[in-house]
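*Asks:*
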């Protein structure tokens, strides 16, 4: 049995607060104007781990999902049973 899972990360989610010792300045860095969204999709197989990983810049829309299924997921499925 396998399950499809999707997760994403955005680079504009920087911390606005921090901690430091008394008298010391809290310093951090964030990307300046290079905001990106990365999305990862993969099949997770019980007892088999991560199968057919796929990452893309931006959200996964219908066209990207169809491309993932046709180019990544289906070729990995051959000879290994069903995905559900």
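Numbering (my numbering), first residue to last: 334 to 417.
Glycine residues also receive a C-beta, built at the ideal position from the N, C-alpha and C atoms.
On the DSSP bridge list, what partners appear for residue 371?
*Replies:* The residue you call residue 371 lines up with position 38 of the chain shown. Residue pairing by DSSP places residue 371 opposite 342 and 390 in a beta bridge.
*Asks:* Let me know the secondary structure DSSP gives residue 397 once reduced to three states.
*Replies:* For the purposes of this step, residue 397 is identified with residue 64 of the chain shown, where counting begins at 1. Of the three classes helix, strand and coil, the one that applies to residue 397 here is helix, per DSSP.
*Asks:* Examine the Cβ distances between the segment 402-410 and the segment 367-385 and report whether three or more of them are shorter than 8 Å.
*Replies:* By the Cβ criterion, the segment 402-410 is in contact with the segment 367-385, since at least three pairs of Cβ atoms, one from each stretch, lie closer than 8 Å.
*Asks:* For residue 337 and residue 399, what's the separation of their Cα atoms in angstroms?
*Replies:* Sequence index remark: in the chain shown, residue 337 carries index 4 (1-based). Sequence index remark: in the chain shown, residue 399 carries index 66 (1-based). One C-alpha to the other measures close to 13 Å.
*Asks:* Taking only the alpha-carbon atoms, compute the straight-line gap between residue 365 and residue 349 and give it to the nearest angstrom.
*Replies:* Counting from one through the chain shown, the residue named residue 365 turns up at place 32. Counting from one through the chain shown, the residue named residue 349 turns up at place 16. Near 14 Å, if we compare the C-alpha coordinates of residue 349 and residue 365.
*Asks:* From which residue to which residue does the alpha helix (DSSP H) around residue 407 run?
*Replies:* For the purposes of this step, residue 407 is taken as residue 74 along the chain shown, with counting starting at 1. 407-410 is the extent of the alpha helix (DSSP H) around residue 407.
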